[in-house]
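Q: First the structure, then my questions, so here it is.
Protein chains: 2
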Amino acid sequence: MPSGKLQVIPLGGLGEFGMNCMAFRWADDIIVIDCGLMFPESELLGVDIVVPDLKYLIEHRDKVKALILTHGHEDHIGGIPWFLSELNVPVYGTEFTLAMVEGKLEEHGLLDDTELNEIKPGERFRIGPFTVNPIRVTHSLVDCVALAIHTPIGVVIHTGDFKVDPTPTDNQLFDLHAFAEYGKEGVLALFQDSTNVERSGYTPSERAVRTKFEEIFHRTKRRLFISCFSSSTHRIKLAIEMAQQHHRKVALVGRSMNDSTEIALDLGYVDVPDGLLIHPGQIKDFPPEKVLVMISGTQGEPMSALSRAAVDNHKHARIEAGDTVVLSSRIIPGNEKAIYRVIDHLFRREANVIYDDGSWPPIHVSGHASQEELRLIINLVKPRYFIPIHGEYRQLRRHLELAKSMHGAVGHAMMIESGEILELDELGARKNGKVAVGRVCIDSGSMGDVVEDLVIKDRRHLSEDGIVLPIVAINKLTGEIESAEIVTRGFASEAVAADITAQGHDVMAKTLRESSSEEMRDYGVVKEKIRQDLKRFIVKSTARRPMILPVILEI
Amino acid sequence: MPSGKLQVIPLGGLGEFGMNCMAFRWADDIIVIDCGLMFPESELLGVDIVVPDLKYLIEHRDKVKALILTHGHEDHIGGIPWFLSELNVPVYGTEFTLAMVEGKLEEHGLLDDTELNEIKPGERFRIGPFTVNPIRVTHSLVDCVALAIHTPIGVVIHTGDFKVDPTPTDNQLFDLHAFAEYGKEGVLALFQDSTNVERSGYTPSERAVRTKFEEIFHRTKRRLFISCFSSSTHRIKLAIEMAQQHHRKVALVGRSMNDSTEIALDLGYVDVPDGLLIHPGQIKDFPPEKVLVMISGTQGEPMSALSRAAVDNHKHARIEAGDTVVLSSRIIPGNEKAIYRVIDHLFRREANVIYDDGSWPPIHVSGHASQEELRLIINLVKPRYFIPIHGEYRQLRRHLELAKSMHGAVGHAMMIESGEILELDELGARKNGKVAVGRVCIDSGSMGDVVEDLVIKDRRHLSEDGIVLPIVAINKLTGEIESAEIVTRGFASEAVAADITAQGHDVMAKTLRESSSEEMRDYGVVKEKIRQDLKRFIVKSTARRPMILPVILEI
């Protein structure tokens, strides 16, 4: 075994949901697996997306040789424009994954300057000391791979996101044999998806949704609307096939639904005979029982096509009494209010609404492996080291416990979080040091527009109790106070605010009167005194804590 | 049948989650069933609780004769202090429900002026033209009743919240016979709880939790912490009984856990032998395997005992490696982030954490009736009119469909929402008119402190893109501008804000320069011009829309 060490450095996604990104380093060569985004918690006010802090990679920019992608979901590719604008390295991904990336790069003007390399399951490629073998896995979208990475000290396997679907709708089977082969030859480390570790048993096959779709297509007498994640190629394919069988034309409504489906059509993942697809403007030209509308907006996004159609505010997608609307997707925690608001509106339009309410057959199945599938892969791979990836702390922890209990199959189970360096060499594996990681908050879709923590803190403060502005005009020649005023916003009802303003005026006047002329020359001191005295008065009289921001105007 | 009409007026809880409140009126007599609160959506920034707008009752204050309570949950009694401070009428409730109300009234200084009347299942009482018969039902807390209300034109039944638990832990059976009797005699209208209408089958009995508790008590070798809703008397009783069997002392930690359990002990719902309860300060005096800590904070509330213990910041409740922490409750949608944050902290403390992850036997069961239980009650009652209550729009709607499909058992199923008047007389039932309803937002726990919509709107705006304050000092004698400045908060990073401020200064100077002297005398016009010009400049250069609040100081 050669001397040297393999360093594994998760930059996002271990101990947090989303923004998956992991670096593998051998001496002066670094390869990076995925670079995803995270949708911000509502606490991050006004922030649109969150991406991992890439400081470590930027500091070692000359060593970073490649970005390799496992699949085309946003939490694995959403940070790529941000990544490439800092680090212009070749990108490796399967055909469909690269197609999803291309649109993003075009939007950010990065497409022409980026080297995109298509990879195929089973076709190995070399980057410096690493030989990478993509292995086909099943998931909720097409063309997903795990990565077997041959390093100088052994093979490590990164599963990406997966489930073990025994009956995938595209008949592209999960390559159990590759995992088995590697297991027989010996695997140094397995890095496995933890997303569904809390679920016992097996995740149902994507094919389970077919039964429910069949029932819906048979029963529906009028217009049918189906919404699903635009990346759910399997689901879209199924819907389009059934539309054809049931003699319905298909209209694609909403930008993301349209873009993704066009990609799937271009690449041949979905097969559509001529004349099946119609333009949204033609929906009204066909009888209601002859139309299927595939529509964006399964998470209740306020500007999505479905949200607008639900309040009868979409030009082409008009939902009428007796129509059927299907939400074929998970209700992502945090989105319940928005989704149920859309469902309520649909019911108000007298539509028949079908959504994931736990009934069987399911209208949606997960794309991630449950406990028995996780155990199956561990048994096939029999790694010396096992490391859970892709999950919040509790999920990594439960995945660790699951692996620890598999004595015959796992040498040693270890847990690392984003930023912790895992070092593997001929002596074994250990945590060794940390790198700086973190979240970069991006506002308004502009990639350069980073929002600082302080700004978010201010917004939070403003959002809780509003703002009170004591404003004083001081004559810079005489040092005398020419005018003083208090302005408030988002603080209290008009009457209360007026009252507080009037009394606060007296408080401020007293503060100024009692300040020495020396203090009055130092505006910093004056501001702080005003702030403190007003704060005390306001907390006492209203029990609220608005942001108090004294302003001194020199005139 | 006497001439006259019964009006049913839901003031909250029909078409929204929480703040249940419903008025029944016959001529000049009104009785009100429940007055609950709603926990605010995160959109209502800085609002603590939400209660129904009681305008209709206040306008008819001389007619309101009584407030009758079905049970002691916050969404049924949380608005009572607000109700009673406006309408001082007698309150009717079972022993336990009234005990829960008493604490609230004491806190708001209303206890001495309120007439509380204890009611018992099966003991009828009369209020004006109404005779009310409380019927025992099962739910997640004790002493719950449905109400059969005898009116001049027939009996209407209001179920309150319920499930049909065939094996309640306190052996106080659901009074199926009373419902059956009424069904045989003829019921005019049934108003039934819709909370769990989306769930098929039966809700498991509260007793199903016992199996899981037994497993936990048997397996746990060190300290055991159990958190549940403080109103879950059944659950607390079970935990205390098991502690006794397993020779553990019991400490109650957290105000709500302590208060509710004291009430349950006082009223004899929980039986505790001398010496079993210990003071939280004594936890450290007993070996870890001899202690059960019942602790508040199952929803991850930031200041709760469990949240503080999870970060090792509680004086008495110290959680150590190997301890077991049980969250015996539902993860209420919207609270996931907070709850999982607590669970993560507990795992980091190396505790064994047990929470509702869908596994069987369950660590929590619902208190609301699933579809088969709803059908059972409908079959027993056989109402002429059926009206779903307690649910969001989609739930009311699905409950309506469920009832409509029961042709033999339901005469006519109707749906009303909060504010809609349902009128019943000898000719039948119909919607007839509306009353003003709405949400009253209350800040900071002070009952008088109503937050106006405008204030919330301002806070939302502030929270999204911050605030920009152009401030101009104008000499009132000369009309000249003495000084001008721009201040920002929560708007952009310091560098960007400085840049915008500097350039905005020029924009503002230009606006002022180009204003006529007539405009300059009207500060309203000046402010609006500054606001518009700055807005255009800021949107163009940053794509953000901060609140722009021009201030003019006259000096």
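So the protein sequences, as listed, match chains P and X. The first sequence maps to residues 1086 to 1640 in our numbering. The second sequence maps to residues 1086 to 1640 in our numbering. For every residue, glycine included, the Cβ atom is placed at its ideal position computed from N, Cα and C.
Is the stretch 1100-1113 of chain X close to the stretch 1193-1204 of chain X, with three or more CB pairs under 8 Å?
A: no
Q: Is the stretch 1311-1331 of chain X touching the stretch 1405-1425 of chain X in the sense that three or more CB pairs, one from each, lie closer than 8 Å?
A: With the cut-off at 8 Å, the stretch 1405-1425 of chain X and the stretch 1311-1331 of chain X touch.
Q: Between the stretch 1551-1575 of chain X and chain P, which residues of the former have a C-beta closer than 7 Å to a C-beta of the latter?
A: Gly1551, Ile1552, Leu1554, Ile1556, Ala1558, Glu1567, Ser1568, Glu1570, Val1572, Arg1574 and Gly1575
Q: Could you tell me how far apart the beta carbons of P/Val1135 and P/Ile1165 are, in whole angstroms, since I believe they sit closer than 8 Å?
A: With a Cβ gap of about 14 Å, P/Val1135 and P/Ile1165 do not count as contacting.
Q: In the DSSP output, which residue or residues are listed as bridge partners for P/Thr1596?
A: None, per the DSSP bridge assignment.
Q: Quick check for students: name the residue ranges of the beta strand (DSSP E) that lie wholly in the stretch 1419-1461 of chain X, counting only runs of 3 or more.
A: The stretch 1419-1461 of chain X contains these whole beta strand (DSSP E) runs: 1437-1439.
Q: What residues are listed by DSSP as bridge partners for X/Thr1216?
A: X/Arg1211 and X/His1235
Q: Along chain X, which residues have their Cβ under 9 Å away from the Cβ of P/Phe1622?
A: Neighbours of P/Phe1622 on chain X: none; closest Cβ ~16 Å, over 9 Å.
Q: Tell me the DSSP bridge mates of X/Asp1510?
A: Beta-bridge analysis with DSSP links X/Asp1510 to X/Gly1513.
Q: Just how far apart, CA to CA, sit X/Arg1295 and X/Ile1153?
A: 33 Å
Q: Which runs of the beta strand (DSSP E) spanning at least 3 residues fall entirely within the stretch 1306-1392 of chain X, listed in chain order?
A: Correct list: 1309-1312, 1334-1338 and 1376-1380.
Q: If we cut at 8 Å on Cβ distances, does P/Met1532 have a partner in chain X?
A: Note that P/Met1532 scores 42 on pLDDT, short of 50, meaning its location in the model is unreliable; the coordinates nonetheless yield the value given after this. Cβ-Cβ to chain X under 8 Å: no for P/Met1532.
Q: Rounding to the nearest angstrom, what Cα-Cα distance links X/Val1611 and X/Lys1625 in this structure?
A: 21 Å
Q: If I measure Cβ to Cβ from P/Leu1362 and keep anything under 8 Å in the same chain, skipping five residues before and after, which residues do I get?
A: Within the same chain, and ignoring the five residues on either side of P/Leu1362 in sequence, the residues whose Cβ sits closer than 8 Å to its Cβ are Lys1334, Val1335, Ala1336 and Leu1337.
Q: On the criterion of 16 or more Cβ atoms from any shown chain inside 10 Å, does P/Ile1633 qualify as buried, or is it exposed?
A: buried
Q: Is it the case that the stretch 1457-1476 of chain P contacts the stretch 1291-1305 of chain P, given that we only count it when at least three CB pairs across the two stretches are under 8 Å?
A: no
Q: With a threshold of 8 Å between beta carbons, is P/Ser1548 in contact with chain X?
A: yes
Q: Compare the Cα-Cα distances from P/Asn1256 to each of P/Thr1244, P/Arg1292 and P/Lys1269 and report the closest residue.
A: P/Arg1292
Q: List, in order along the chain, the chain C residues whose C-beta lies closer than 9 Å to that of X/Glu1421?
A: As a matter of chain content, chain C is missing from the structure shown, whose protein chains are P and X.
Q: Starting from the beta carbon of X/Asp1429, find every residue of chain P whose beta carbon is closer than 9 Å, and list them in chain order.
A: Gly1100, Glu1477, Tyr1478, Arg1479 and Arg1482
Q: Could you check whether P/His1475 and P/Asp1278 sit closer than 8 Å to each other, using their CB atoms as the reference points?
A: Their beta carbons are under 8 Å apart, which means P/Asp1278 touches P/His1475 by this criterion.
Q: Touching or not, the stretch 1160-1175 of chain X and the stretch 1109-1126 of chain X, by the rule of three or more beta carbon pairs under 8 Å?
A: yes
Q: What distance in whole Å lies between the Cβ atoms of X/Ser1316 and X/His1158, which are believed to be in contact at a cut-off of 8 Å?
A: 6 Å
Q: How would you label P/Pro1137, buried or exposed, when you count the other beta carbons within 10 angstroms and need 16 or more for buried?
A: Around the C-beta of P/Pro1137, 16 or more other C-beta atoms lie within 10 Å, and the residue is accordingly described as buried.
Q: Residues of the stretch 1274-1288 of chain X with a CB closer than 7 Å to any CB of chain P: list them in chain order, please.
A: Glu1283, Arg1284 and Ser1285
Q: Thinking C-alpha only, which one of X/Arg1211, X/His1484 and X/Met1491 is nearest X/Thr1280?
A: Here the closest residue by C-alpha is X/His1484.
Q: Output the residue ranges of the beta strand (DSSP E) runs that lie fully inside the stretch 1154-1201 of chain X and measure 3 residues or longer, sorted by chain position.
A: 1176-1178
Q: Restricting to Cα atoms, I'd like to know which of P/Ile1348, P/Tyr1177 and P/Gly1245 is closest to P/Glu1208.
A: Comparing Cα positions, the closest option is P/Tyr1177.
Q: With a CB to CB cut of under 6 Å and the five nearest residues on each side skipped, what residues in its chain are close to X/Val1282?
A: Gln1480, Arg1483 and His1484
Q: Less than 8 Å between CB atoms is the rule here; does X/Val1240 satisfy it with respect to chain P?
A: no
Q: Per DSSP, P/Gln1277 is paired with what?
A: P/Pro1473
Q: Helix, strand or coil: how does DSSP classify P/Ile1404 here?
A: coil
Q: Using CA atoms only, rank isn't needed, just tell me which of X/Arg1434, X/Gly1504, X/His1364 and X/Glu1180 is closest to X/Ser1392.
A: X/Arg1434
Q: Apart from the five residues on each side of it in sequence, which residues of its chain come closer than 6 Å, Cβ to Cβ, to P/Ser1531?
A: The pLDDT assigned to P/Ser1531 is 41, lower than 50, so where the model puts this residue is not dependable, and the model offers no usable value.
Q: Can you name the start and end residues of the beta strand (DSSP E) that X/Asp1114 belongs to?
A: Asp1114 to Ile1118
Q: Which term fits X/Trp1445, buried or exposed, when burial requires 16 or more other beta carbons within 10 angstroms of its beta carbon?
A: exposed
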